[in-house]
Amino acid sequence: MAILIDKDSKIIVQGITGKSGLLHARQCRDYGSNIVGGVTPGRGGTSIEGFSVFDSVAEAVLQTRATVSMILVPAPWAAEAILEAAEAGIDLAVCITEGIPVRDMVTVKRYLQQTKMHLIGPNCPGVITPGECEVGIMPGNIHKKGNIGVVSRSGTLTYEAVKQLSDAGLGQSTSVGIGGDPIIGMDFIDVLKLFAQDIDTKGVFIIGEIGGDAEELAAHWIKENLKKPTAAFIAGRTAPPGKRMGHAGAIITGGKGLAADKICVLEECGVVVAQSPVKIAEAMHEALNKN
Amino acid sequence: MNIHEYQAKEILKAYGVNVPRGCMVKSVRQTEKAYQNFGCDCVLKAQVYAGGRGKAGGIKTVRDATQAIEAAKELFKKKLITVQTGARGLPIKQLLVEEIIDVEKEFYLSLTLDRRTSRYCLIASAEGGMDIEEVVREAPEKIHTLFIDPFLGIKAYHARPVCVLLGLKDKLLDEGIKLIQSLYKILLEKDCSLLEINPLVITKDGRLLAMDCKINFDDNALFRHPEYEKMADLSQLDPLELEARKYDLAYIKLNGDIGCRVNGAGLAIATLDILKEHGTEPANFLDVGGGASREKVAAAFRIILSDKKVRRIFVNIFGGIMRCDIIAHGIIDATKDIAPHIPIVVRMDGSNLEEGIMLLAQSGLNVETVDNLKSGVQKIAQRMNRKQKTAA
Chain L
11 MAILIDKDSK
21 IIVQGITGKS
31 GLLHARQCRD
41 YGSNIVGGVT
51 PGRGGTSIEG
61 FSVFDSVAEA
71 VLQTRATVSM
81 ILVPAPWAAE
91 AILEAAEAGI
101 DLAVCITEGI
111 PVRDMVTVKR
121 YLQQTKMHLI
131 GPNCPGVITP
141 GECEVGIMPG
151 NIHKKGNIGV
161 VSRSGTLTYE
171 AVKQLSDAGL
181 GQSTSVGIGG
191 DPIIGMDFID
201 VLKLFAQDID
211 TKGVFIIGEI
221 GGDAEELAAH
231 WIKENLKKPT
241 AAFIAGRTAP
251 PGKRMGHAGA
261 IITGGKGLAA
271 DKICVLEECG
281 VVVAQSPVKI
291 AEAMHEALNK
301 N
Chain F
253 MNIHEYQAKE
263 ILKAYGVNVP
273 RGCMVKSVRQ
283 TEKAYQNFGC
293 DCVLKAQVYA
303 GGRGKAGGIK
313 TVRDATQAIE
323 AAKELFKKKL
333 ITVQTGARGL
343 PIKQLLVEEI
353 IDVEKEFYLS
363 LTLDRRTSRY
373 CLIASAEGGM
383 DIEEVVREAP
393 EKIHTLFIDP
403 FLGIKAYHAR
413 PVCVLLGLKD
423 KLLDEGIKLI
433 QSLYKILLEK
443 DCSLLEINPL
453 VITKDGRLLA
463 MDCKINFDDN
473 ALFRHPEYEK
483 MADLSQLDPL
493 ELEARKYDLA
503 YIKLNGDIGC
513 RVNGAGLAIA
523 TLDILKEHGT
533 EPANFLDVGG
543 GASREKVAAA
553 FRIILSDKKV
563 RRIFVNIFGG
573 IMRCDIIAHG
583 IIDATKDIAP
593 HIPIVVRMDG
603 SNLEEGIMLL
613 AQSGLNVETV
623 DNLKSGVQKI
633 AQRMNRKQKT
643 AA
């Protein structure tokens with residue numbers, strides 16, 4: 011089962027002829043993902059390392075029946091790539107690209123409201139269902155098939171957490187990096203809803219960091235809705251208060267976003283919080299044993 | 253990216269928003285000349301990349317030429333320390349000389365991104381000025397927020413109720429609507445992450461005017477605005493942070509003695525956490541990002557090492573996009589000439605690991621390689637403690 015992707019997912023890669031597009035298309039294929047082609051405007055009809063290249067997402071969908079797109083298009087064009095995927099009827103777009111202007115993402119997010127497409131990212135490591143399918147850039151070998159759903163705002167910190175879980179015998183159902191940008195597609199709660207319904211997911215691990223209030227919102231949702239053991243780690247407990255300009259940010263968040271506040275809310279909502287970045291597996295074990 | 257008040261006001265002016273008559277000056281002489289040109293009482297406003305200037309003594313009222321000269325001399329000599337600058341303060345290289353405005357009423361107005369709704373929002377309050385954050389705490393009901401649908405923008409019917417809440421009437425009501433629409437246009441066309449007018453005022457002679465303005469640009473959108481590069485005032489930036497920016501590295505100087513070099517912001521923050529848990533003090537936050545080149549890795553080391561307090565380096569790399577052999581080459585390139593003896597603990601994990609370990613082992617540098625975070629931090633902490641004991 012798992013969530014979002016499995017061994018039957020048909021995947022295209024937007025930006026497949028670019029350096030990182032090709033590298034990660036190849037790595038995902040090596041992991042076992044069913045990459046059915048790629049898109050680079052102007053290169054339609056050619057092929058690269060065995061991947062068929064199409065001029066547009068619509069064309070690729072027509073020819074391959076792909077439902078998932080991994081986007082590795084450079085930042086100036088990435089927002090359009092997401093819109094194109096949505097218009098072409100893709101179900102799930104995973105946008106790895108870092109550095110997309112906020113103004114572009116405001117438009118993307120608004121447009122997605124009126125389509126059925128789910129977006130993961132941008133600026134994220136992607137999604138992996140261990141042993142079946144990877145749509146992203148994470149090192150596949152640290153993952154292990156199992157029953158822990160992982161959802162994270164971070165990139166490399168997710169790898170750290172996953173490795174500790176795997177080493178401790180806690181395999182993963184699916185691991186989702188939702189990305190750390192101000193505007194992202196699916197958020198913690200969107201992913202938690204899927205984990206809540208997934209029979210293969212017996213426990214959930216959340217990786218958050220300072221800033222914003224996404225972790226607090228997730229904590230309250232968990233308390234009301236998630237009946238599965240949940241643990242978390244929040245990075246930034248010792249971070250010095252950042253420099254800031256103007257007042258608008260503080261007005262919006264009401265000055266929230268400190269790690270201590272997040273940890274406190276999570277614990278109040280029944281989530282076991284790892285006290286150190288090397289105690290991630292311990293926290294997950296504790297949550298599993300509690301129930 | 254930050255810009256100065258005078259630059260922000262030039263942008264406002266270009267979009268038809270009223271600002272006080274003003275002139276940017278870079279010396280005492282220029283200040284005197286500007287004062288004489290205005291021929292009236294003026295304010296001298298220190299141009300620094302931080303708010304809270306008024307309370308920190310960065311804004312002076314002058315009523316004759318002698319006062320203007322004296323005040324300018326004092327300001328140009330000063331490092332301005334405000335609640336937002338940190339203890340080191342910021343040098344004052346430019347002043348904005350402005351005519352004094354007789355103010356009838358002050359408001360607060362800003363546009364920024366609301367993360368929760370993923371929309372830009374307009375924030376307005378009838379109580380503007382220096383104490384806006386107090387208003388937020390004490391009387392949040394006095395803050396009005398308008399979330400903007402990007403497919404519609406701000407229509408007059410969106411802006412009118414906001415202006416009414418601010419108490420604008422008749423001609424000023426129409427001007428207020430136009431002003432709000434102009435600000436939104438600036439936000440979009442200039443890719444601002446923040447556009448704040450505090451205060452927006454009604455003058456005694458009945459005009460609507462932006463007395464102070466703060467604009468930040470979205471760093472991700474700089475590629476659309478090559479002209480912004482020339483607007484940066486380098487005197488306001490930490491030289492090391494500036495050097496880091498050239499290589500697209502995120503570097504923040506801290507006060508400890510362990511140089512840190514990590515890939516990915518989340519892991520970098522967590523690394524600082526665990527170093528502190530082990531009783532050691534990190535010297536910096538440094539995120540080299542995803543796919544870094546050999547040159548970029550080497551630059552990261554040069555930057556870490558140019559902080560003279562650094563006595564150890566902890567490298568924590570979890571390769572996703574990063575390859576361990578590239579990291580190893582970068583470490584060797586950067587340290588073999590400038591600091592071949594500095595103890596380095598490298599925690600590497602990810603692709604091409606064996607090759608990376610071998611390169612480091614053969615380099616002749618004082619490097620230890622470990623394969624997990626826990627032993628990495630323990631190694632660094634042990635070494636520091638041993639050294640401290642020997643010193644004692």
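Chains L and F, in that order, give the protein sequences.
Under our numbering, think of the first position of the first sequence as 11, with each following residue one higher.
Under our numbering, think of the first position of the second sequence as 253, with each following residue one higher.
For each residue, glycine too, the CB sits at the ideal point set by N, CA and C.
Any Cβ of chain L closer than 8 Å to the Cβ of N472 of chain F would place that residue at the interface, and such an atom is present. Annotation: the continuous beta strand (DSSP E) that includes D601 of chain F extends over I596 to S603. For secondary structure counted as the alpha helix (DSSP H) over 4 or more consecutive residues, the segment 79 to 139 of chain L holds these complete runs in sequence order: 85 to 97 and 112 to 122. According to DSSP, residue pairing for I432 of chain F in a beta bridge does not occur.
Not a single C-beta of chain F is nearer than 8 Å to the C-beta of V160 of chain L. DSSP places R459 of chain F outside both helix and strand once states are collapsed to three, so it counts as coil. The alpha carbon of R281 of chain F has as its nearest neighbour, out of F:V387, F:A320, F:K307 and F:L446, the alpha carbon of F:A320. Residue-level contact check: I521 of chain F touches chain L, since one or more beta carbons of chain L fall below 8 Å from its beta carbon. Annotation: the continuous alpha helix (DSSP H) that includes M294 of chain L extends over I290 to K300. For the options F:A484, F:I578 and F:K312, the alpha carbon positioned closest to that of S603 of chain F is the one of F:I578. Residues of the segment 77 to 94 of chain L whose Cβ lies closer than 9 Å to any Cβ of chain F, in chain order: A85 and P86.
Ranked by how close their Cα comes to the Cα of R599 of chain F, the residues F:I556, F:I375 and F:K631 have F:K631 in first place. The criterion of a C-beta distance shorter than 8 Å is not satisfied by Y480 of chain F and A551 of chain F.
Here T240 of chain L has G213, V214, F215, I216, I232, G280, V281, V282 and A297 as same chain residues with Cβ atoms under 8 Å from its own Cβ, once five neighbours each way along the sequence are excluded.
Under DSSP, the beta-bridge partners assigned to K331 of chain F are F:P343.
The beta-carbon of V104 of chain L is placed no less than 8 Å from the nearest beta-carbon of chain F. Along the segment 443 to 468 of chain F, going in chain order, the ones with a CB nearer than 8 Å to a CB of chain L are D443, S445, L446, E448, N450, K466 and N468. For H396 of chain F, DSSP records a beta bridge to F:A376. Three or more Cβ pairs drawn from the segment 611 to 620 of chain F and the segment 575 to 595 of chain F lie within less than 8 Å of each other, which places the two stretches in contact.
If you ignore the 5 residues before and after L236 of chain L, its C-beta comes within less than 8 Å of the C-beta of L202, F205, A206 and V214, all in its own chain and listed in chain order. Listed along the chain, the chain L residues whose CB falls inside 8 Å of the CB of S434 of chain F amount to none; the nearest CB is some 17 Å away. Put simply, of F:D509, F:E356 and F:L365 the residue whose alpha carbon is nearest the alpha carbon of P595 of chain F is F:D509.
Taking the Cβ atoms as the reference, V49 of chain L lies roughly 18 Å from I15 of chain L, outside the contact range of under 8 Å. Annotation for K394 of chain F: S377, A378, E379 and V387 place their beta carbon closer than 7 Å to its own, counting only its chain and skipping 5 residues before and after. Put simply, the segment 468 to 477 of chain F touches the segment 253 to 262 of chain F. At least three CB pairs are less than 8 Å apart.
Taking L348 of chain F as the centre and dropping the five residues before and after it, the same chain places the C-beta of E257, Y258, G274, M276, K297 and Q299 closer than 7 Å to its C-beta, in chain order. Per DSSP, D366 of chain F is one residue of the beta strand (DSSP E) stretching across V355 to D366. Collapsing the DSSP output to three states places V71 of chain L in a helix. With the rule of 3 Cβ pairs closer than 8 Å, the segment 168 to 185 of chain L does not count as touching the segment 93 to 112 of chain L. In this structure, A76 of chain L lies near V46 of chain L, with their beta-carbon atoms less than 8 Å apart.
Judged by DSSP in its simplified three-state form, E606 of chain F adopts helix.
Taking a C-beta distance under 8 Å as the contact criterion, I556 of chain F and V562 of chain F qualify as a contact pair. With a cutoff of 8 Å on beta-carbon distance, V161 of chain L and M80 of chain L are scored as not near each other. G628 of chain F sits in a helix when the DSSP states are folded into three classes. Within the same chain, Cβ atoms closer than 6 Å to the Cβ of T397 of chain F are found at C373 and I375, the five residues on either side in sequence being excluded.
Taking the Cα of A286 of chain F as reference, the smallest distance to any Cα among F:E350, F:D470, F:L492 and F:S487 is reached at F:E350.
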